[in-house]
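In what follows, a structure is listed as structure tokens, so that the remarks can point back to it.
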Amino acid sequence: MTEKYIQVGVTALRDPATGEFLPAVPLYIKAEDGAEEAEEKLIEDLGKLFAQRIKAYKDGCKAAGVEV
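Mapped onto my numbering, the consecutive letters of the sequence shown carry residue numbers 161 to 228.
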């Protein structure tokens with residue numbers, strides 16, 4: 161049986177000599193114990209959060225008389 165993994169992000173170290181980022185490495189978790197369902201819920205929650213932020217930004221611009 162092949163195990164399934166879900167990418168949850170990326171990380172990158174910095175080069176100690178230059179301070180530049182080294183190549184990014186993906187971060188994974190096993191797709192078990194409801195991980196896939198949690199992923200869908202997170203996507204939905206983030207979508208709502210971003211929509212609220214954009215609305216607040218547009219409302220603020222309108223109140224300031226700036227056209228967006």
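We treat Cβ as the ideally placed atom computed from N, Cα and C, and that holds for glycine.
- Which residues in the same chain have their Cβ closer than 7 Å to the Cβ of F181, if we skip the five residues on either side of it in sequence? Here residue 181 refers to the residue found at position 21 of the sequence shown. So the qualifying residues of the chain are A172, R174.
- Item | For K215, the three-state DSSP class (helix, strand or coil) | Taking the sequence shown and counting its residues from 1, the one referred to as residue 215 is at position 55. Three-state DSSP puts K215 in a helix.
- Simplified DSSP state of L206, which is helix, strand or coil: Taking the sequence shown and counting its residues from 1, the one referred to as residue 206 is at position 46. In this structure, L206 counts as helix in the three-state DSSP scheme.
- Item | Bridge-paired residues (DSSP) for V185 | Taking the first residue of the sequence shown as position 1, residue 185 is located at position 25. T171, per the DSSP bridge assignment.
- Message: Helix, strand or coil for K164? Go by DSSP, reduced to three states.
- Response: Counting from 1 along the sequence shown, the entry for residue 164 is found at position 4. Three-state DSSP puts K164 in coil, outside helix and strand.
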